[in-house]
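Each residue of the sequence shown is one higher than the one before, starting from 1 at the first, in full-length UniProt numbering. Think of the CB as a built atom: it goes at the ideal place given N, C-alpha and C, for glycine as much as any other residue.
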Amino acid sequence: MLEVMPGQWEFQISPTVGIGAGDQLWVARYILERITEICGVIVSFDPKPIEGDWNGAAAHTNFSTKSMRKGGLDLIKKSIGKLEVSINNTLQLMVKATRGVSPGTMKPQTSTNSLGYEIKLIRVADRGASVRVGRDTEKEGKGYFEDGRPSSNMDPYLVTSIIAETTILG
């Protein structure tokens, strides 16, 4: 799927359980590296490979638990609320998970904290929101939320653990 920056593309990992998403992302990155090597082109997972007024490339991370998928819109909202409450901690961890990418290359957010970022809470179908709920999730009252903060070069194991620890254990 074409994206905003020239030459930018997107790929997706199908739903998985636990750390399987991280495993699949690393395998997908490897396969993409091999294909581009064969074709004589270069792939970059850098969120800002070209200077300019472009959106940074992100690794939108969809997250749900069994309870969220069985009628848990309130649980989804509560989980996003936990992300908001611990925003300073989660943003610092996200920066670490994106291999030192500065918060400035991450998706801007709307409520201030020590890093100058916020989470736009429960924005339905808002592609500009940092953490959002899809239109189908709201309509059906169940499903998942999407965290759009991680950059494209993120460590999937760290990102999934940050989201899980904050929303389930936090």
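Taking a C-beta distance under 7 Å as the contact criterion, Gly56 and Lys48 qualify as a contact pair. For Thr65, the three-state secondary structure derived from DSSP is coil. In this structure, DSSP gives Asp23 a helical state, which the three-state scheme calls helix. Bounds of the beta strand (DSSP E) holding Asp147 are 145 to 147.
DSSP places Val133 in the uninterrupted beta strand (DSSP E) bounded by 131 to 133. Following the DSSP letters along the chain, one finds Thr160 inside the alpha helix (DSSP H) bounded by residues 156 to 164. For Lys78, the enclosing alpha helix (DSSP H) has its first and last residue at 73 to 85. A residue is called buried once 16 or more other Cβ atoms fall within 10 Å of its Cβ, and Ala28, having fewer, is exposed.
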